[in-house]
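K.L.:
What the sequence shown shows, in this note's numbering, is residues 6 to 892, in sequence order.
Where a beta carbon is used, it is the ideal one built from N, C-alpha and C, also for glycine.
Since we're looking at a predicted model, the values are computed, not measured.
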Amino acid sequence: MPKSTLFDSRIKKYAYYEAEEIYREIGTSKDGLTGEQVEMMRQRYGVNSFITKKKDTTIHRLRRAFVNPFNVILFVLGMISLVTDVFLASNFAKNATTAIIIFSMILIGGMIRLVQELRAKNAAKQLDRLLHESITVKREGELIEIPVEELVVGDIVLFSAGDRVPADIRLTEVTDLFISQASITGESAILEKNCRTHNRGSQKTLTQLENLVFMATTVISGKGEGIVLAVGEDTLYGSFAKPDSDDKNSFQNGAGSIAWVMLRFMAVLVPIVFVLLGITGGKWLESFAFALSVAVGLMPEMLPMVITACLAKGSLTMSRKQTIIKDINAMQGFGSMDVLCMDKTGTLTNESILLEYYMDVLGNENTEVLDLAFLNSSYHSGVHNPIDNAILACQTMPGRETHYTNLLTQYQKIGEIPFDYARKLVSTLVTGRNGESQLIMKGDISHIVARCSHVEYRGEILPIEKGGIQSVAAVVDEMLQDGMKVIAVARKNVGYKKQIIPADETGMILMGYLAFFDAPKKTAKASVAALKRLKVAPKILTGDQVDVAVSVCQRVEISSETVLTGARLDEMTDSELSMAVEEIHVFAELTPGQKVRLVSALRQNGHTVGFLGDGINDIPALCEANVGISVDTAVDAAKDAADVVLLQKDLGVLEQGILEGRKTFTNMLKYIKITASSNFGNILSIVCASAFLPFLPVTSVQILLLNLLYDILCIVLPWDNVDEEETLSPRDWSGRTLGRFMLSFGPISSLFDIVTFLFLYYFLCPMLCGGATYLNLTSPALRLQYVSLFQTGWFLESMWTQVLILHFLRTRRIPFVQSRPSAPVICITLTGIVAFTAITFTGGALLFGLTKLPFGYFVFLLTVALLYMLLTTVAKYFYQKKYHELI
C-alpha cells in the first residue's frame, strides 16, 4: 500500500480543526515561526526534500554490477587460488595465471554491467525538481522569500495563480482559489478550495477536502494562505515516490537459485576429487589446488558477462521497436511476465471519446440539449476533459458551423461554479440579449436529477413525479450497459442574476442526456488476443464505472463475467483477494492504493507482474510490479519510476517487447544450461580419470583455458535465432530445471571423454612415445611428452564436443534442418574451433602444457564428435518426451 495511507489520518484531522487549534498543536502562530522554531521543526519533522530516500547512487550501482552470486563464487575461488598457487607454493611452482584470469572475468563482466547501470535514471531526481523554486512565507510577522527546500512544518505560506503548491497545507485564507490536483489524482478537473472547517462527520476522502492543498498541485487562479502540515517524503506526493521493494527483482532471485545449484554440484564433486588425488598421489596441497580448479571448471565463469551482453543486446533491439529499456533487468521481466495490469483508457480505448447521442428526457434526438451542453463546455474555466472536447467537436458538424458561432455571440458568460468531486457537476451562468440569465448545468446523472424539480419535453415543463430516478434509469441504463458514458443536462432561468452560488443549483429543469462512446482502438482486440497467445493474462485496473469497463472488455474479448469494485475490494481479506485475483480480470472504480494491493496480491501468488501506467498516481503500482511500464506521453515522474518506457501507448508495441524479452531470456538460458551441463560432463570425466590415471588428465590452467575459450565463443549467443515455440509462454528464471538438465546431458559427454581417455592412454600416446604405456616409460622426458600428448588430446576432444553440442542443444528441433542458428553463431563457433585447434600447433601451446598431434587423431576426433552428437539427439528426444521442454 502507498505510504500515504499511514499518515492520511494525521493530515486529514487538521481539516476538522480551527486555525487556532492547529497553531497550538503544531507550535506556530499566525505570524509564522521564529528562527529558533524553524530549526526545531526541521529536526522534528524533517526537510522538504526527497534526498533521504533510498537513492540509486554510484555505490549502489557498483554493488549491483560486481556483487552477485556468480561473482561472489568466482571471487572466493580466485582468492583460494591466489593463496594456494602463489602464497603457499614454492618459488618454482608459483603460478598466478588462474587467479588473474578469474579476477579479469569479474572485472570485465562488472564493467560492462556498470556501463549499463549508469544509463538508468534515478526517479527521485524528478521529485527534487519541484524543490528548486522559491516561495513566500511569513516568519516572525515578516513576509520573506525562501527556497522551497527550506520550508518546514508550521510555516505560514502564501501562494497565488501559477504557483506550484510546495507542501501539504491547511488553508487559513483564500481568495477565489482554484487548484488542479491532476498530479495527485490524475483527474484534470479544476477544484475550488476554501478555508472553512469541515464537519467531523464528513465522509470525504483526503483529496476531496476543500481546505487542504497538496504538494505538486497547481494554483490555477486566486490566492491562498495556509499552514504547512507535511514536507518532503511525508507529503501525499512524496509517498508516491516509493522506492522499489528489495524483493521486486526476480532477476536477482533467479540468479541466486542458479548459483546454489552450481554450489551443490561443487560440494559433491570437489571433495571427491580432492580425496581421490590425495589418496593416490599423497600430495594433499597439490590435490587441493587441483580440486579448486575443478570447482572453477564447473562454474560458467563468463555467466555475468554473457547475461549482460544478452540484456544489453535485447535493450538495443527493443529501442528500435519503440520501447526504451531503462533497467536492463526488465528484459528478463518481459520474458517471464505472465500477468499485465493496465488501465483501459488510452491502452484499449482511444484517449478521446465520441459524442454518440444527444437526446431529450425520453431518449429522442434533441439539438437544444446539445446547444446547452455546448455553452456549458465552452464557458466553464476548468481544463477541458475528453467529454468537453467531444461536445465542442460538434462545431464541425456539417451545416452547423455558423450555428455554434452565433450561439456564443448570443449568450455571454457571467459566472460559474466549477466542477468538484462532491457535486460531480459544473454550472455556468450565461445571459442572453434580453438581459435574462440562465443557469446551465451538466454532469453526473444522479447528482443532476437530485437537483431537478421539473423536466422539459417538447417545450412543455412538467413536474418530476415520485420515482423520477427510475424513469431516468429506463432511458439511460441500456446505454450504460453498452459501455457508453452518459451525462445529464439541466437548466434554470434565474432572472437577472449576475452571479450564482451552490444554493442556486436547486429546482432545475432536466433537459436530457448526452451519451459518449469510449471506442476501443482498432488494434485492441488483436493485441489482447496476441497477449493471450503469449500466455500473458491481461487484467484491467481502472477507476471507471463498472458498466463502462465491462462494455469495453467485452468488445476486446477480456473475460468480464465477474467484476471486482474498489468498494468490495476494501472489504476483502488478503486471503480472499489472493483467490479473487486469479479468477477475476476486470477491476473497476479503483483508487491508486487499491491498484497497488492488487499488484501485490498477484506477485504474492507467484506471478511475474507488469503494470502499465502513465500518471503520478500510478507510481506506487509501477514500483510494486516486477516490470513498471510507462509511456512517452506520461508525466515525468511516472516515466522516471518505470523500468520501461513505450514510445507508443499501444499493446502491439508491448507485444513486441514481450517477444524480444523472451528471446533474450531463451538465449541466456542456452548459455547457462548448455555450459553447465558441458562443464559438469568434463568434471565428471576428470573425477573418473583421476581415480585410475597415474597423472592428472588435465592441468588447472588447461581447465580454465578451456572454459575461457568456450565462453568467449558464447558471447555471440545474444545474436542467435530463437525458435517460435520458445516465445509462446513465460519461462521460470531459476535453477529449478538446471540440475536435471546437467544430469541428463553431462554424463553423455563423460562417456565419450572416457572413450577418448582409453584411446589416448592405450593407443595414441604409446604409439608416439616408443610403444610403451606411461608406467612402463623410464625416461622423464618421454613421460612428460606422454602426459602432454594425453592432455592435448583430451583438451581438443572436450573443446570440439563442447562447441559443437551447442548447436544440438540450442533447439528442440533438428539442428541446421528445422532450426538454423544465426549466421554470427555459425561463423564464430566454426572459426573458434579452427582457431583454438591451431593453438596446439603454435609455440604458445607450450605455455599451457599442450603440444601438436598427428593428423590421424583428428579423424578419431571427428568420429567421436559425430557419435556424440547423434547420441545427444536421441537423449534430447527422450528428455523432451518426459519433461515437455528442452531449454
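(1) Along the beta strand (DSSP E) that carries residue 165, what are the first and last residues, could you check?
(2) For residue 872, which residues of its own chain have a beta-carbon under 6 Å away from its beta-carbon, when the five flanking residues on both sides are left out?
(3) Can you tell which of 522, 549, 436 and 471 has the C-alpha that lies nearest to the C-alpha of residue 503?
(4) Assuming residue 171 and residue 158 form a contact by the criterion Cβ under 8 Å, report the distance between their Cβ atoms to the nearest whole angstrom.
(5) Can you list, in chain order, the residues of its chain with a C-beta nearer than 7 Å to that of residue 200? Leave out the 5 residues immediately preceding and following it.
(6) If you check the beta carbons only, do residue 174 and residue 233 fall under 8 Å apart?
(7) Evaluate the contact criterion for the stretch 623-633 versus the stretch 588-601: three or more CB pairs, one atom per stretch, below 8 Å.
(8) Alpha carbon to alpha carbon, what distance is there between residue 395 and residue 453?
(9) Smallest Cα separation from residue 742: which of 657, 267 and 209?
(10) Considering only C-alpha positions, which residue in the set 111, 47, 382 and 90 is nearest to residue 74?
(11) Relative to the C-alpha of residue 289, which candidate in 279, 297 and 184 has its C-alpha closest?
(12) Could you check if residue 44 is buried or exposed, using at least 16 other CB atoms within 10 Å of its CB as the buried criterion?
(13) Residues bridged to residue 592 by DSSP?
(14) With DSSP run on the structure shown, which of helix, strand or coil describes residue 663?
(15) Over the uninterrupted alpha helix (DSSP H) stretch that includes residue 76, give me the two end residues.
(16) Quick one: what's got a C-beta closer than 6 Å to residue 519's C-beta in the same chain, skipping five residues either side?
(17) Check the C-beta distance from residue 37 over to residue 169 and give it rounded, since I have them as a contact under 8 Å.
(18) Please list, in chain order, all residues of the same chain as residue 326 whose beta carbon is under 8 Å from its beta carbon, the five residues on each side excluded.
(19) For residue 514 and residue 459, what's the separation of their Cα atoms in angstroms?
(20) With a threshold of 16 other CB atoms inside 10 Å of the CB of residue 878, please say whether the residue is buried or exposed.
(21) Quick one: Cα of residue 706 to Cα of residue 688, how far?
(22) For residue 200, report the span of its alpha helix (DSSP H) as first-last.
(23) Considering residue 884, what are the terminal residues of the alpha helix (DSSP H) in which it resides?
(24) When you compare only the Cα positions, how much space is there between residue 538 and residue 449?
(25) Taking DSSP as the reference, what is the three-state secondary structure of residue 498?
(26) Report the rounded CA-to-CA distance for residue 629 versus residue 346, giving the unit in angstroms.
(27) Since residue 487 and residue 556 should fall inside the 8 Å C-beta cutoff, what is the C-beta to C-beta distance between them, to a whole number of angstroms?
(28) Entirely within the stretch 346-383 and at least 3 residues each: give me those beta strand (DSSP E) ranges in chain order.
(29) Can you give me the start and stop residues for the beta strand (DSSP E) that residue 723 sits inside?
(30) Are the beta-carbon atoms of residue 505 and residue 444 separated by less than 8 Å?
(31) Checking 8 Å against the spacing of the C-beta atoms, do residue 156 and residue 236 come in under that value?
(32) May I ask you to verify whether the stretch 100-108 touches the stretch 706-723, counting CB pairs closer than 8 Å and requiring at least 3?
(33) Given 8 Å as the limit, is there contact between the stretch 751-762 and the stretch 680-700, that is, 3 or more CB pairs closer than that?
(34) According to DSSP, simplified to helix, strand and coil, what is residue 716?
(35) Would you say residue 230 and residue 161 are within 8 Å of each other, going by their C-beta atoms?
(36) In its own chain, which residues sit with a C-beta less than 6 Å from the C-beta of residue 883, not counting the 5 before and 5 after it?
P.N.:
In brief:
(1) Taking the sequence shown and counting its residues from 1, the one referred to as residue 165 is at position 160. From DSSP, the beta strand (DSSP E) with residue 165 extends over 161-165.
(2) Taking the sequence shown and counting its residues from 1, one reaches residue 872 at position 867. Result list for residue 872: empty, nothing under 6 Å.
(3) Residue numbering aside, residue 503 sits at position 498 when the sequence shown is read from its first letter. When only C-alpha atoms are compared, the closest one is 436.
(4) Within the sequence shown, numbered from 1, the residue matching residue 171 stands at position 166. Within the sequence shown, numbered from 1, the residue matching residue 158 stands at position 153. The C-beta distance from residue 171 to residue 158 rounds to 12 Å, too long to meet the 8 Å contact threshold.
(5) Here residue 200 refers to the residue found at position 195 when the sequence shown is read from its first residue. Taken in chain order, the residues that qualify are 176, 177, 178, 179 and 216.
(6) Here residue 174 refers to the residue found at position 169 of the sequence shown. Here residue 233 refers to the residue found at position 228 of the sequence shown. Yes, they are a contact pair.
(7) Contact between the stretch 623-633 and the stretch 588-601 is present, because at least three Cβ pairs lie under 8 Å.
(8) The sequence position of residue 453 within the sequence shown is 448, counting from 1. The sequence position of residue 395 within the sequence shown is 390, counting from 1. Here the alpha carbons of residue 395 and residue 453 stand approximately 20 Å from one another.
(9) Residue mapping note: residue 742 aligns to position 737 of the sequence shown, counting from 1. It is 267 whose Cα lies nearest to the Cα of residue 742.
(10) By 1-based counting over the sequence shown, the position of residue 74 is 69. With distances taken between CA atoms, residue 74 lies nearest to 111 out of 111, 47, 382 and 90.
(11) For the purposes of this step, residue 289 is taken as the residue at position 284 of the sequence shown. Minimum Cα distance to residue 289 is reached at 279.
(12) Translated into positions along the sequence shown, residue 44 becomes position 39. Per the 10 Å Cβ criterion, exposed.
(13) Walking along the sequence shown from the start, residue 592 turns up at place 587. Looking at the DSSP assignment, residue 592 forms a beta bridge with 546 and 569.
(14) To locate residue 663, count along the sequence shown from 1; it is residue 658. Helix.
(15) Position 71 of the sequence shown, counting from 1, holds the residue named residue 76. Where residue 76 is concerned, the enclosing alpha helix (DSSP H) stretches over 74-87.
(16) Residue numbering aside, residue 519 sits at position 514 when the sequence shown is read from its first letter. 363, 378 and 492, listed in sequence order.
(17) As a working mapping, residue 37 is identified with position 32 in the sequence shown. As a working mapping, residue 169 is identified with position 164 in the sequence shown. A Cβ-Cβ distance of about 21 Å is found for the pair residue 37 and residue 169, leaving them out of contact under the 8 Å criterion.
(18) Locating residue 326 in the sequence shown gives position 321, counting from the first residue. Leaving aside the five residues that flank residue 326 on each side, the residues in its chain whose CB is nearer than 8 Å to its CB run, in chain order, 658, 661, 662 and 665.
(19) Position 509 of the sequence shown holds residue 514. Position 454 of the sequence shown holds residue 459. Between the C-alpha atoms of residue 514 and residue 459 there is a straight-line separation of about 5 Å.
(20) Translated into positions along the sequence shown, residue 878 becomes position 873. Classification of residue 878: exposed, given that the 10 Å Cβ count is below 16.
(21) As a working note, residue 706 is residue 701 in the sequence shown. As a working note, residue 688 is residue 683 in the sequence shown. Distance between residue 706 and residue 688, taken at the CA atoms: about 14 Å.
(22) Walking along the sequence shown from the start, residue 200 turns up at place 195. Premise fails: residue 200 is in no alpha helix (DSSP H) and is neither H nor E.
(23) Numbered from its first residue, the sequence shown carries residue 884 at position 879. From DSSP, the alpha helix (DSSP H) with residue 884 extends over 860-888.
(24) Within the sequence shown, residue 538 is the residue found at index 533, counting from 1. Within the sequence shown, residue 449 is the residue found at index 444, counting from 1. Residue 538 and residue 449 have their C-alpha atoms roughly 39 Å apart.
(25) One-based indexing of the sequence shown puts residue 498 at position 493. Of the three classes helix, strand and coil, the one that applies to residue 498 here is strand, per DSSP.
(26) Here residue 629 refers to the residue found at position 624 when the sequence shown is read from its first residue. Here residue 346 refers to the residue found at position 341 when the sequence shown is read from its first residue. Roughly 12 Å separates the two Cα atoms.
(27) As a position in the sequence shown, residue 487 is number 482, starting the count at 1. As a position in the sequence shown, residue 556 is number 551, starting the count at 1. Sure, about 6 Å apart at Cβ, within 8 Å.
(28) Entirely contained in the stretch 346-383, the beta strand (DSSP E) runs reaching 3 residues are, in chain order, 359-365.
(29) Position 718 of the sequence shown holds residue 723. Neither: residue 723 is in no beta strand (DSSP E) and is coded neither H nor E.
(30) The residue you call residue 505 lines up with position 500 of the sequence shown. The residue you call residue 444 lines up with position 439 of the sequence shown. For residue 505 and residue 444, yes; Cβs fall inside 8 Å.
(31) In the sequence shown, counting from the first residue as 1, residue 156 sits at position 151. In the sequence shown, counting from the first residue as 1, residue 236 sits at position 231. Yes, the Cβ-Cβ distance between residue 156 and residue 236 is below 8 Å.
(32) Output reads yes: the stretch 706-723 touches the stretch 100-108.
(33) Cβ pair count under 8 Å is three or more, so yes.
(34) Taking the first residue of the sequence shown as 1, we reach residue 716 at position 711. Correct three-state label for residue 716: helix.
(35) On the sequence shown, position 225 is the one that residue 230 refers to. On the sequence shown, position 156 is the one that residue 161 refers to. For residue 230 and residue 161, yes; Cβs fall inside 8 Å.
(36) Your numbering for residue 883 matches position 878 in the sequence shown. Around residue 883: no qualifying Cβ.
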